[in-house]
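Peer 1: Starting off with a structure, shown below.
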Amino acid sequence: MGFFIYKVPPEAPGGRLPSSLFVGASPICVSRFAATRELIELHSLQAGEYLIIPYTYKPNMTASFIITTYSKEPVKMVRGHH
């Protein structure tokens, strides 16, 4: 498993984000890939909205993920739609 982190552009609509917002956009973070059930990484991010996209080794393979984040400052987490 691994994950990408994208900065959500300020002009993004609320709710489900269209994929067109990320076409040609580079993730600000690409995690290392780990063939384990747990992946721990530390990233320092500027204030703003971010999208975390987990992925599996095999394309189009669905899986359940638990994402835990820690922050020195208060944050608001919103679960996305799939």
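Counting along the sequence shown from 1, when you hit position 43 you're at 43 in the UniProt record's numbering, and nothing is skipped either side. Note that CB positions come from ideal geometry on N, CA and C, so glycine has one too. What you are looking at is a predicted structure, and each value in this text was computed from that prediction instead of being measured.
(1) For a test of the three-state rule: what should DSSP assign to residue 17, helix, strand or coil?
(2) How long is the line joining the alpha carbons of residue 79 and residue 37, rounded to whole angstroms?
(3) Three or more C-beta pairs under 8 angstroms: does that hold for the stretch 34-51 against the stretch 3-13?
(4) What three-state label does DSSP hand residue 55 in the structure shown?
Peer 2: The short version:
(1) coil
(2) For the pair residue 79 and residue 37, the Cα-to-Cα distance works out to about 20 angstroms.
(3) yes
(4) strand
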